[in-house]
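Following: one structure in structure tokens, then a few remarks.
Numbering (the numbering used here), first residue to last: 107 to 262.
Listed below in structure tokens is the structure:
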């Protein structure tokens, strides 16, 4: 990259005042509300070594969106997935206040938490050896503006 190109890039990024994401953690939410951490799926019970193996075994291989197609390529993504018809969770992003955080930190207060609708789309399961290469998510609808990723704590 030439110095002129680098200077041009730096100038463009100096105009960016807001990051296109927000992140954080809810440190003690599962200690205060242990029921939020429960995940129910068609095979097995709660998270422990054997049931986690059961969860992984109950998953289908995870595909990813490429243009208007779902593609299976384990060189690009190796993980399991469950559709919403195959699992249930007591976790509520609204009850945790996540929509307020998103409205304030990502949308700069231009929208309220009430304007944001969260839909569970699927459960991705990543275990030892799983990965997903860096990518840009494929929008699942005209009113979709982002992907909310929640990582559940699993004791190792």
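C-beta atoms are modelled at their ideal positions from N, C-alpha and C, and glycine is treated no differently.
Taking only three categories from DSSP, how would you classify residue 200?
Residue numbering aside, residue 200 sits at position 94 when the chain shown is read from its first letter. Here residue 200 sits in coil by DSSP.
Roughly how many angstroms separate the alpha carbons of residue 211 and residue 219, rounded to a whole number?
Locating residue 211 in the chain shown gives position 105, counting from the first residue. Locating residue 219 in the chain shown gives position 113, counting from the first residue. Whole-angstrom Cα-Cα distance: 11 Å.
Pull up the distance between the alpha-carbon of residue 200 and that of residue 249, whole angstroms please.
Counted from its first residue, the chain shown places residue 200 at position 94. Counted from its first residue, the chain shown places residue 249 at position 143. In a straight line, the C-alpha of residue 200 is about 18 Å away from that of residue 249.
Return the Cβ separation of residue 169 and residue 176 in integer angstroms, given the expectation that the two are a contact with Cβ distance under 8 Å.
Along the chain shown, read from residue 1 onward, the residue named residue 169 stands at position 63. Along the chain shown, read from residue 1 onward, the residue named residue 176 stands at position 70. The Cβ separation is near 4 Å, so the contact holds.
Quick one: give me the first and last residue of the beta strand (DSSP E) that residue 224 is part of.
As a working mapping, residue 224 is identified with position 118 in the chain shown. Unbroken run through residue 224: none, as it is neither H nor E.
Flag this pair as touching only if the segment 175–193 and the segment 228–247 have three or more C-beta atom pairs under 8 Å; answer yes or no.
yes
Given that a residue counts as buried once 16 or more other Cβ atoms are within 10 Å of its Cβ, and exposed if not, what is residue 115?
To locate residue 115, count along the chain shown from 1; it is residue 9. Exposed.
Output the boundary residues of the beta strand (DSSP E) element that contains residue 177.
Here residue 177 corresponds to residue number 71 of the chain shown, with the count starting at 1. Where residue 177 is concerned, the enclosing beta strand (DSSP E) stretches over 175–177.
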